[in-house]
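Engineer:
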Amino acid sequence: MKLATLGPPGTYSDVVATMYQQQPGVVFGARLVYYSHLQRCLQALPDEADYAVVPIENISEGFVPVVLDYLVTADLHIVSEHYQSIEFSACGAVGELSECKRLYVQFVASGQCRDFIDALGDVEILTTQSNSESLLLAAEFGQGAMAIVPNHLLADAAADTMPWRQTNVHDYSHNATRFLLLAPGPAQVEDVIVEDGVARKTSLMVMNDNDRPGLLEQVLHCFSTRRLNLSSIVSRPTGQGFGQYHFFMDVEASLNNIAMQGALRALQQITRVKVLGCYG
Numbered sequence: 001m002k003l004a005t006l007g008p009p010g011t012y013s014d015v016v017a018t019m020y021q022q023q024p025g026v027v028f029g030a031r032l033v034y035y036s037h038l039q040r041c042l043q044a045l046p047d048e049a050d051y052a053v054v055p056i057e058n059i060s061e062g063f064v065p066v067v068l069d070y071l072v073t074a075d076l077h078i079v080s081e082h083y084q085s086i087e088f089s090a091c092g093a094v095g096e097l098s099e100c101k102r103l104y105v106q107f108v109a110s111g112q113c114r115d116f117i118d119a120l121g122d123v124e125i126l127t128t129q130s131n132s133e134s135l136l137l138a139a140e141f142g143q144g145a146m147a148i149v150p151n152h153l154l155a156d157a158a159a160d161t162m163p164w165r166q167t168n169v170h171d172y173s174h175n176a177t178r179f180l181l182l183a184p185g186p187a188q189v190e191d192v193i194v195e196d197g198v199a200r201k202t203s204l205m206v207m208n209d210n211d212r213p214g215l216l217e218q219v220l221h222c223f224s225t226r227r228l229n230l231s232s233i234v235s236r237p238t239g240q241g242f243g244q245y246h247f248f249m250d251v252e253a254s255l256n257n258i259a260m261q262g263a264l265r266a267l268q269q270i271t272r273v274k275v276l277g278c279y280g
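The opening position of the sequence shown corresponds to residue 1 in UniProt numbering, with each subsequent residue numbered one higher.
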């Protein structure tokens, strides 16, 4: 069994994938397969991997567009979710912060460390695909280079070549990212991984195949009249025209819930709905 995730080793995706790999569950003992881009990680299912771990939402940056867009068209479902604490540090081949000339930072990490980056002033910012790559490139560049990396990667930064350190450079002390465990095929209730035997969330993609005034209001009415809470609602462009959007939704109810089943039936009378998963 193979579990795809964003590499190289040391990324937060790797941390979460390793957690899944080592705990009892559907991917226990799976072999990790690393990909350099999120798109490639998603495309690995089902031919190159059996499951994938990808980030979908950060507490400050919001949802990851490439993952949402892929869920619109791909034959995938959500098996489980995990909330991972995210902590970043800066290290560099400088004696003090003012000597920094170049900063390497992963494209997602940059948005979570804006205050620190803005305070650097006139520094060349180079965006990377992974936190591990940021550390590697800064070490290769040498004097004057810095990298923003996860706290757990600081041990990999050689103290003699990158002596300057500053921990916790992220904007929010409670920074966290939501990760999904994905599998090929449509969502099935029997695939649910839950705590205490209770599914607590259903994720949907409401497809906008025939845009019309009042569509979103009708969709929301299906949930409000049944007292079902939406913990997330995110619009993504259909690509067919301005003002036309699909809607990703997290509903705080199990797919087995009678009210949820009623909401789904009502939704299906209005527009096309893709059930992405039911999990705890």
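The C-beta atom is built at its ideal place from N, Cα and C for all residues, glycine as well.
I need the DSSP call for residue 260, collapsed to helix, strand or coil.
Structural biologist: As a working note, residue 260 is residue 260 in the sequence shown. Three-state DSSP puts residue 260 in a helix.
Engineer: Assuming residue 12 and residue 86 form a contact by the criterion Cβ under 8 Å, report the distance between their Cβ atoms to the nearest whole angstrom.
Structural biologist: Reading the sequence shown from its first residue, position 12 is the one you call residue 12. Reading the sequence shown from its first residue, position 86 is the one you call residue 86. Taking 8 Å as the upper bound for CB-CB distance, residue 12 and residue 86 are in contact here, some 6 Å apart.
Engineer: For residue 256, which of 249, 209, 200 has the nearest alpha-carbon?
Structural biologist: What you label residue 256 is simply residue 256 of the sequence shown in a count that begins at 1. Residue 256 has its Cα closest to that of 200, out of 249, 209, 200.
Engineer: Taking the continuous beta strand (DSSP E) assigned at residue 148, which residues delimit it?
Structural biologist: What you label residue 148 is simply residue 148 of the sequence shown in a count that begins at 1. First-last of the beta strand (DSSP E) with residue 148: 145-150.
Engineer: Could you name the residues of the same chain whose beta carbon sits closer than 7 Å to that of residue 141, not counting the 5 residues immediately before and after it, in chain order?
Structural biologist: For the purposes of this step, residue 141 is taken as the residue at position 141 of the sequence shown. Correct list, in chain order: 102.
Engineer: Reducing DSSP to helix, strand and coil, say where residue 237 ends up.
Structural biologist: As a position in the sequence shown, residue 237 is number 237, starting the count at 1. Three-state DSSP puts residue 237 in a strand.
Engineer: Check each candidate in 273, 124, 155 and name the one with the smallest Cα separation from residue 146.
Structural biologist: Taking the sequence shown and counting its residues from 1, the one referred to as residue 146 is at position 146. Among 273, 124, 155, the Cα nearest to that of residue 146 is on 124.
Engineer: For residue 150, count neighbouring Cβ atoms within 10 angstroms of its own Cβ and tell me buried if that reaches 16, exposed if not.
Structural biologist: On the sequence shown, position 150 is the one that residue 150 refers to. Per the 10 Å Cβ criterion, buried.
Engineer: In whole angstroms, what separates the C-alpha of residue 177 from that of residue 110?
Structural biologist: For this step, residue 177 is matched to residue 177 along the sequence shown. For this step, residue 110 is matched to residue 110 along the sequence shown. The straight-line gap from Cα to Cα measures roughly 14 Å.
Engineer: Which value, in whole angstroms, describes the spacing of the CA atoms of residue 191 and residue 167?
Structural biologist: Start at 1 with the first residue of the sequence shown, and residue 191 comes out as number 191. Start at 1 with the first residue of the sequence shown, and residue 167 comes out as number 167. Any reading at residue 191 needs caution, since the residue's pLDDT is 47, under 50, leaving its predicted position unreliable; the model's value is listed next. The alpha-carbon atoms of residue 191 and residue 167 are separated by roughly 40 Å.
Engineer: What does the alpha-carbon distance come out to for the pair residue 51 and residue 121?
Structural biologist: Against the sequence shown, residue 51 aligns to sequence position 51. Against the sequence shown, residue 121 aligns to sequence position 121. Roughly 42 Å between the two C-alpha positions.
Engineer: Throw me the rounded Cβ distance for the residue 249 and residue 206 pair, which I believe falls under 8 Å.
Structural biologist: Residue mapping note: residue 249 aligns to position 249 of the sequence shown, counting from 1. Residue mapping note: residue 206 aligns to position 206 of the sequence shown, counting from 1. Right, their Cβ atoms sit about 6 Å apart.
Engineer: Could you give the first and the last residue of the continuous beta strand (DSSP E) run that contains residue 175?
Structural biologist: As a working mapping, residue 175 is identified with position 175 in the sequence shown. Counting along the chain, no beta strand (DSSP E) covers residue 175, and no H or E run does either.
Engineer: Return the residue from the list 2, 63, 57, 27 that minimises the CA-CA distance to residue 41.
Structural biologist: Residue 41 sits at position 41 when you count from the first residue of the sequence shown. For the residues 2, 63, 57, 27, the minimum Cα distance to residue 41 belongs to 2.
Engineer: Note down, in chain order, each residue of its chain lying with its Cβ closer than 6 Å to the Cβ of residue 36, except the 5 sequence neighbours on either side.
Structural biologist: In the sequence shown, residue 36 corresponds to position 36, counting from 1. Within the same chain, residue 36 has close Cβ partners 129.
Engineer: Could you check what DSSP says for residue 195 in three-state terms: helix, strand or coil?
Structural biologist: Residue numbering aside, residue 195 sits at position 195 when the sequence shown is read from its first letter. Bear in mind that the predicted position of residue 195 carries a pLDDT of just 49, short of 50, making it too unreliable to give a figure here.
Engineer: Rank 53, 33, 6, 236 by C-alpha distance to the C-alpha of residue 183 and give the top, closest one.
Structural biologist: Locating residue 183 in the sequence shown gives position 183, counting from the first residue. Minimum Cα distance to residue 183 is reached at 53.
Engineer: Residues in its own chain within less than 7 Å of residue 66 by CB, not counting five upstream and five downstream?
Structural biologist: Numbered from 1 along the sequence shown, position 66 holds the residue referred to as residue 66. Closer than 7 Å at the Cβ level, and outside the excluded window around residue 66, lie 38, 39.
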